Amino acid sequence: MYAHINGIVADKAENTLVIDCGGVGYLMTVSGATLALAPSVGEKMKCFTHLSVREDALELFGFATREEKTMFLKLTSVSGVGAKSAIGILSALSVRDLSLAIVTGDAAALSRAPGVGKKTAQRLILELKDKVDNDELVGAGAAVAPQSRAQAPDAAGEAIEALMALGYQSSEAARAVSSLSPLPDTADEIIRQALKSML
Numbered sequence: 001m002y003a004h005i006n007g008i009v010a011d012k013a014e015n016t017l018v019i020d021c022g023g024v025g026y027l028m029t030v031s032g033a034t035l036a037l038a039p040s041v042g043e044k045m046k047c048f049t050h051l052s053v054r055e056d057a058l059e060l061f062g063f064a065t066r067e068e069k070t071m072f073l074k075l076t077s078v079s080g081v082g083a084k085s086a087i088g089i090l091s092a093l094s095v096r097d098l099s100l101a102i103v104t105g106d107a108a109a110l111s112r113a114p115g116v117g118k119k120t121a122q123r124l125i126l127e128l129k130d131k132v133d134n135d136e137l138v139g140a141g142a143a144v145a146p147q148s149r150a151q152a153p154d155a156a157g158e159a160i161e162a163l164m165a166l167g168y169q170s171s172e173a174a175r176a177v178s179s180l181s182p183l184p185d186t187a188d189e190i191i192r193q194a195l196k197s198m199l
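Anchor point for the sequence shown: position 38 equals 38 in the working numbering, and the numbering is continuous, going up by one each time.
Structure follows, in structure tokens:
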């Protein structure tokens, strides 16, 4: 019903955000990442939104980026994962880290999110492994990282993007990068070691 809301930040709380648009305050449940990206009270913000309709309640969820909203919808499409659980997962893991965990089958990383047990983590991997987009693997992590609104993708993300440019599938590139231990500091070295492991 609501694709996005563009207005003034009226209030910020632990997991909620109020955007004033045309004199109406829209209360949204948000992830920690979106809250970190939200500007100060009184400043303008565009929030992508999803309206959850249940028999007993209408609840609006807000997202600082389109990628986070897309991932939220993917998470809630999985049996047993509700909207609140999806927000908790997105608060615990950036979109890129979550995408990497899904395509590499890292159930332990997914289990770090509140309310996600081993079975739910395995279900997320099984149902979403083929639905993760390349953009979510290489670019979205920087967009939702709380440290900086304009932060560039980190070395691992750059390496995955470069491997994909060389013709490797996103999941194959992500697996090769995530298998490196310890992970090198530079993208060039990550690419070199990942290519070596795939030979």
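Each residue gets a CB set at the ideal place from its N, CA and C atoms; glycine is no exception.
Only a predicted model underlies this, so the values are computations on that prediction, with no experimental measurement involved.
For Met45, the enclosing beta strand (DSSP E) has its first and last residue at Lys44 to Val53.
Rounded to whole angstroms, the gap between the alpha carbons of Ile125 and Glu14 is 29 Å.
If one requires a minimum length of 4 residues, the alpha helix (DSSP H) runs lying completely within the stretch 114-138 are 118-128 and 134-138, in chain order.
When secondary structure is reduced to three states using DSSP, Thr34 falls in the helix class. In the three-state reduction of the DSSP assignment, Asp11 falls in the strand class. Residue pairing by DSSP puts Met28 in a beta bridge opposite Leu17. Collapsing the DSSP output to three states places Gly62 in a strand.
Cβ neighbours of Val78 within its own chain (closer than 7 Å, five residues either side excluded): Arg123, Leu124, Glu127 and Leu128. By the C-beta density criterion, Asp97 is buried, having at least 16 other C-beta atoms within 10 angstroms.
As computed with DSSP, Ile5 is found in a beta bridge with Cys47.
Shown here, Ser85 sits in a helix according to DSSP, grouped into three states. Below 8 Å, too few C-beta pairs join the stretch 167-175 and the stretch 106-117 to call them touching: fewer than three. In terms of CA proximity to His4, Met45 leads the group Lys12, Met45 and Thr104. In its chain, beyond the 5 residues on either side, Leu51 have a beta carbon closer than 8 Å to the beta carbon of Met1. When DSSP states are grouped into helix, strand and coil, Val103 belongs to the helix group. Between Met164 and the set Leu195, Glu67 and Asp185, the nearest pair of CA atoms involves Leu195. A residue is called buried when at least 16 other Cβ atoms come within 10 angstroms of its Cβ; Glu43 does not meet this threshold and is exposed. Counting only the Cα atoms, Leu180 lies some 26 Å from Gly117.
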